[in-house]
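Chemist: In the numbering used here, the protein residues as written are -3 to 383.
From the three backbone atoms N, C-alpha and C, an ideal C-beta is built for every residue, glycine too.
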Amino acid sequence: MSRTPEAPIYDLALVGAGGANLLVLQALEKNGWLRGHDLLIIEPDTQKGNDRTWSFWTDQTDPAYELYHEVVEHQWIRLSATPKWKIKPLTYRYVQIRSAKLYQHARGVAAHYDRTHWKWESVKKLKPEEDRVELHFQNGGIAQARHVLDSRPPQKSSLEGIVWQSFVGWRVRCPGAKWDPTHAVLMDFDIPQDKQTQFIYFLPNSAEEGLLELTRFSPKVLSEEEALPYLRNYLGKNLPNCYIEEKEINRIPMTMRLKGQKPHPRILPVGGAGGVVKPSTGYAFKNMAKHAKAIVEALESGEELPLYRQAPLYAFCDTLLLRILQDDPSQGSILFKTFFKKSELPVVFRFLDEEAKTTQVLNIMRRMPWRPFLNALWRQITDPRRP
Ligand SMILES: Cc1cc2nc3c(=O)[nH]c(=O)nc-3n(C[C@H](O)[C@H](O)[C@H](O)COP(=O)(O)OP(=O)(O)OC[C@H]3O[C@@H](n4cnc5c(N)ncnc54)[C@H](O)[C@@H]3O)c2cc1C
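1. Leaving out five residues before and five after Thr0 in sequence, what residues of the same chain have Cβ atoms less than 8 Å from its Cβ?
2. Cβ of Glu39 versus every heavy atom of ligand 1: is any distance shorter than 7 Å?
3. Mind checking whether Leu348 and Val159 have CB atoms under 8 Å apart?
4. Within a Cβ cutoff of 6 Å, which residues of the same chain sit near His101, ignoring the five residues on either side of it in sequence?
5. Rounded to the nearest angstrom, what separates Gly137 and Asp58 at their Cα positions?
6. Give me the residue from Ala77, Leu318 and Gly14 with the minimum Cα distance to Met250.
7. Leaving out five residues on either side along the sequence, give the residues of the same chain with a beta carbon under 8 Å from the beta carbon of Ile93.
8. Judging by CA-CA distance, which residue of Pro380, Val217 and Ser339 is the nearest neighbour of Arg363?
9. Tell me where the beta strand (DSSP E) around Ala223 begins and ends.
10. Return the residue from the list Glu293, Asp314, Gly104 and Glu296 that minimises the CA-CA distance to Lys274.
11. Please list, in chain order, all residues of the same chain as Trp81 whose beta carbon is under 8 Å from its beta carbon, the five residues on each side excluded.
12. On a Cα-Cα basis, can you pick out the residue from Gly328, Pro150 and Pro200 that is closest to Pro177?
13. Hey, would you say the C-beta of Ile240 is under 7 Å away from at least one heavy atom of ligand 1?
14. Which residues in the same chain as Lys121 place their Cβ atom closer than 7 Å to its Cβ, once the five residues preceding and following it in sequence are excluded?
15. Which of the three DSSP states is assigned to Phe369 in this structure?
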């Protein structure tokens, strides 16, 4: 590490030890970068435990799989969603990672390298200089780094009027239940919509234990009280025996406003702050893993650190869908159901991963009800803004 009279200069600083930066840490370790460089990790939350459960589909061809396979907790080989599928896809698995396991794993990786330093601090300000960035801490201290990956959450004011993915999840144990731990229920829209777009996830980890989550896509955020009847109803006859082991109540911004902003060539926003969350679904984990690999390749080759970019065709689709959900959230379930009903599962996943061929995307669009999208397009033309 080079030194100035004031403070050491790290090669890289990770601001925030959440999903995005810890996947970068994994990528740095995998390619040997940590052995020859100085890394600073800054995280204010000393109590960070299982604050979220990440679930997503993956197949054997996912090049970022090497970054997270060690912390996968459970996988499901049978998948279903309303209204159509109940199948055993050949290549895809739905996997689950409990965040506590990734956090713990990362602490172990950091402790293993002499030149990696972990600081329990809060970053107040980043001040770019010509050849480095100064990191100013809440406690008045300062550090310096050549490059900074910033995962601090976006300003609340930039999120006014957007659509939220809000959810109330219960990890339940129901003695006597007979759930199938190989079968995950994704996006079950067969629940009352009550003028919103909402669905149930049910991810059983064993015959008697699983994560049950009500999720809503709407400008109106779901409260726990509102979620209660839907969750109870889903548990049905199992309900009298069930108890809640853990709750997950949170929300994810579904917006195009966090895309494409880099405050300085040496400061790269990552994760939620870097627009990595897919606006129309709230999935982010695999995108963060992909981005982590691209960042580490750029660090190795000395190129400028890359922003996470969304292809224009997908940005267009997401913009229209968000406009529809913003203006009339009750339309979402019809659109998602049509999408699931008229497309094969691998195509659905490739489309949601933004990796489908253009012809597949056009085929999907051709089969969707066109009126809501035309209306949204017209509104976007006459009142252009980032939803
Ligand atoms: C409850 C929940 C469940 C989710 N489930 C899924 C899922 O199933 N699948 C999926 O693909 N995506 C999911 N997501 C979306 C996405 O994967 C996560 O939001 C992901 O954790 C984003 O990573 P991140 O690093 O951007 O943010 P975080 O993981 O929130 O990390 C940001 C870090 O920055 C720290 N920080 C904050 N302020 C400062 C500061 N001033 N200085 C230094 N550090 C600071 C925070 O303490 C935190 O540790 C979920 C999101 C949530 C909230």
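Modeler: In brief:
1. Summary for Thr0: the model assigns pLDDT 49, below 50, so the residue's position carries little reliability; its value from the coordinates is reported in the next sentence. Contacts found: Gln140.
2. yes
3. no
4. Val67
5. 41 Å
6. Leu318
7. Thr49, Trp50, Ser51, Tyr64, Val67, Val68, Glu69 and Phe281
8. Ser339
9. Where Ala223 is concerned, there is no enclosing beta strand (DSSP E), although the alpha helix (DSSP H) it sits in stretches over Glu220 to Leu231.
10. Asp314
11. Leu75, Phe336 and Leu341
12. Pro200
13. no
14. His132
15. helix
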